[in-house]
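Here's the structure, in structure tokens; my notes come after.
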Amino acid sequence: MSIQAINVRNQFRGRVQSITEDEVLSALDIETPSGIVSSVITTRSVRDLGLVVGSEVVALVKATEVSIAKL
3 MSIQAINVRN QFRGRVQSIT EDEVLSALDI ETPSGIVSSV ITTRSVRDLG
53 LVVGSEVVAL VKATEVSIAK L
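No gaps in the numbering here: position 17 of the sequence shown is 19 in my numbering, and each next residue is one more.
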């Protein structure tokens with residue numbers, strides 16, 4: 003599968019560093035040049051995409067809001 007065009011500006015290319023699977027949802031950590039991007043997707047999607055540790059992926063981030071709190 004190849005992506006020819008997508009309308010998401012925040013794209014992070016990286017490799018799957020870890021996968022924590024549960025019955026319905028799985029947590030993934032993606033190692034990118036900008037740091038670790040974490041994602042929760044369905045376990046079915048993990049299996050359908052054939053994702054394993056080391057898989058090369060693109061994390062696509064689309065958000066309508068980013069909140070900041072002073073420490």
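Yeah, the Cβ is synthetic: ideal placement off N, Cα and C, and Gly gets one too.
- When the five nearest sequence neighbours on each side are left out, the beta carbons in the same chain lying within less than 7 Å of the beta carbon of T22 are those of S28 and A29, in order along the chain.
- Between Q19 and D31, the gap from beta carbon to beta carbon is short of 8 Å.
- Counting only the Cα atoms, R11 lies some 8 Å from L62.
- Within the DSSP secondary-structure output, E23 pairs in a beta bridge with S28.
- The alpha helix (DSSP H) runs lying completely inside the region 44 to 73 and spanning 4 residues or more are 45 to 51, given in chain order.
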